[in-house]
Amino acid sequence: MNGRVFFLLLMATVFSARAGEIVFESKPARTHLIELYTSEGCSSCLPAEEWMSGLKNQARLWQDIVPVAFHVDYWDHLGWRDPFAAKIWTERQADYSVRWKKESVYTPASCSTERNGNTASFRKQRRKRRVF
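If you use this note's numbering, the sequence shown corresponds to residues 17 to 148, in order.
Listed below in structure tokens is the structure:
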């Protein structure tokens, strides 16, 4: 008798666990990653950072757009050390620059994924700009 009860409980557990499976499906629309390269040592970066901060009010945030700010360290030698800067972000921007055959890097600069999933080249950040 105990064996039957155990078997029935085991089967009930297995079937109830299968009924609660979580299924993840990709949608046809792509989420766009928006990268801002900035620095606290850059006098031109504040408007770009304000623009990026304004994205928090976008209804599509985290579904259609994911903004990230990478603080680079190449301005640190000018006297104001950016506490958020990291060499890895400077290297990330430099890697993009090499890939896109750009002669230099600058801040503020942004890039984003395009509709096909490739990363678009750097654009100088403007105060007002359309968001995908």
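Here a beta-carbon is modelled for each residue, glycine too, at the ideal position from N, C-alpha and C.
Item	Value
At which residues does the beta strand (DSSP E) containing Glu-51 begin and terminate?	48–54
Of the residues Leu-71, Val-88, His-87, Phe-86, which one's Cα is nearest the Cα of Asp-80?	Leu-71
If you measure from the beta carbon of Leu-94 to each beta carbon in chain C, is any gap under 8 Å?	No chain C is present in this structure, which holds just one protein chain.
Buried or exposed for Trp-105, going by 16 or more other Cβ atoms inside 10 Å?	buried
Val-84: which of Pro-124, Arg-20, Gly-57 sits nearest, CA to CA?	Pro-124
Check the DSSP bridge columns for Leu-77 and list the partner residues they point to.	Ile-81
Would you list the one or two residues that DSSP bridges to His-87?	Thr-54
Measuring alpha carbon to alpha carbon, tell me which of Thr-54, Glu-65, Ser-120, Gln-109 ends up nearest Asp-92.	Thr-54
My output table needs one value for Thr-129: the three-state DSSP class, helix, strand or coil.	strand
Helix, strand or coil, according to DSSP, for Trp-67 in the structure here?	helix
Mapping DSSP to helix, strand and coil, what is Glu-107?	helix
Could you pull out every residue in the same chain whose Cβ sits closer than 7 Å to the Cβ of Lys-103, ignoring the five residues on either side in sequence?	Asp-89
Give the DSSP-derived three-state secondary structure of Arg-115 in the structure shown.	helix
Taking the beta carbon of Gly-57 as the centre, do at least 16 other beta carbons fall within 10 Å, making it buried, or is it exposed?	buried
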